[in-house]
């Protein structure tokens, strides 16, 4: 069960957009519409930002959006704000034998 | 509002067993919609899913940890627990418990740092 692949870092200026990719296989990301995204600030627990590929939990700004194409899911943060600077992780259902897998994580910097 | 709280020793000796408990409040662990899981994060590193359990006892483990991990549930106390045996320094991490619907956890505990050291 290998971790999903994310770029180590991404950055953008305030007001700009940044997109983070999450690449898996047909056994996880590509096989199910169960991809989630998390935001983690230093010393804090991860916070769910997107679930089931593109759904936002209550209270998450609509600046955060998710999508999927084939074996790759993406998180886009539009209108970057200083508080969006954090680590972001994806996760995916990986089938009845593995259940769950996380991505390698991406550090987003707001320039 | 659902809340989860991890509890257990913050220091474990090498080769011993790490034991943590997660207490769930504001909701029932017997909900038929959710699994309940453990995730860990070594200092400065990424998240690693350890395993998840359903209230009826159905369990999934990370294959890389399966030989050392036991997860159990106590519905009468609204708790679930993690045991990780034969620990080494590589098991030093912040351990999180979480409600774990398919696709990834939605509610997380605050996490507890467990250090493996003699």
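Chains as they are written, first to last, in the working numbering: chain A, 1 to 111; chain B, 1 to 118.
In this text, a Cβ means the ideal position worked out from N, Cα and C, and glycines have one as well.
Quantities reported herein were computed from a predicted structural model and do not represent experimental measurements.
A check of alpha carbon separations from residue 75 (chain A) across A:21, A:30, A:84 identifies A:21 as the nearest. The three-state reading of DSSP puts residue 3 (chain A) in coil, since its state is none of H, G, I, E or B. At least 9 Å separates the beta-carbon of residue 65 (chain B) from that of residue 38 (chain A).
By the neighbour-count criterion, in which a residue is buried when 16 or more other Cβ atoms sit within 10 angstroms of its Cβ, residue 6 (chain B) is buried. An exposed status is given to residue 10 (chain B), since fewer than 16 other beta-carbon atoms sit within 10 Å of its beta-carbon.
Among the residues of the segment 84 to 109 of chain B, those with a Cβ less than 9 Å away from any Cβ of chain A are 94, 96, 98, 100, 101, 102, 103, 104, 105, 106, 107, 108, 109, in the order of the chain.
Taken through DSSP and simplified to helix, strand or coil, residue 83 (chain A) comes out as helix.
For residue 12 (chain B), the closest C-alpha among the options B:35, B:50, B:88, B:40 is that of B:88. A residue is called buried when at least 16 other Cβ atoms come within 10 angstroms of its Cβ; residue 83 (chain B) does not meet this threshold and is exposed. Straight-line measurement puts the Cα of residue 53 (chain A) at about 24 Å from the Cα of residue 15 (chain A). For the 9 Å CB-CB criterion, residue 106 (chain A) and residue 36 (chain A) do not form a contact. In the three-state scheme derived from DSSP, where H, G and I count as helix and E and B as strand, residue 29 (chain A) is classed as helix. Using a CB distance cut-off of 9 Å, residue 71 (chain A) does not count as an interface residue toward chain B.
Residue state for residue 89 (chain B) is assigned as helix, using DSSP reduced to three classes.
For residue 92 (chain A) and residue 67 (chain A), the gap between their C-alpha atoms comes out near 13 Å. The beta-carbon of residue 39 (chain B) is placed less than 9 Å from the nearest beta-carbon of chain A.
No residue range can be given for residue 2 (chain B), since it is assigned to no beta strand (DSSP E) and is classified by DSSP as neither H nor E. Between the alpha carbons of residue 17 (chain B) and residue 8 (chain B) lies a gap of roughly 12 Å.
It is roughly 30 Å from the alpha-carbon of residue 34 (chain A) to the alpha-carbon of residue 19 (chain B). Within chain A, no C-beta atom comes nearer than 9 Å to that of residue 7 (chain B); the closest sits roughly 15 Å away. Contact annotation for residue 61 (chain A) against chain B: no contact, minimum CB-CB distance about 17 Å [criterion: below 9 Å]. Here residue 34 (chain B) has 99, 101 as same chain residues with Cβ atoms under 6 Å from its own Cβ, once five neighbours each way along the sequence are excluded. In the three-state reduction of the DSSP assignment, residue 10 (chain A) falls in the strand class, which pools E and B.
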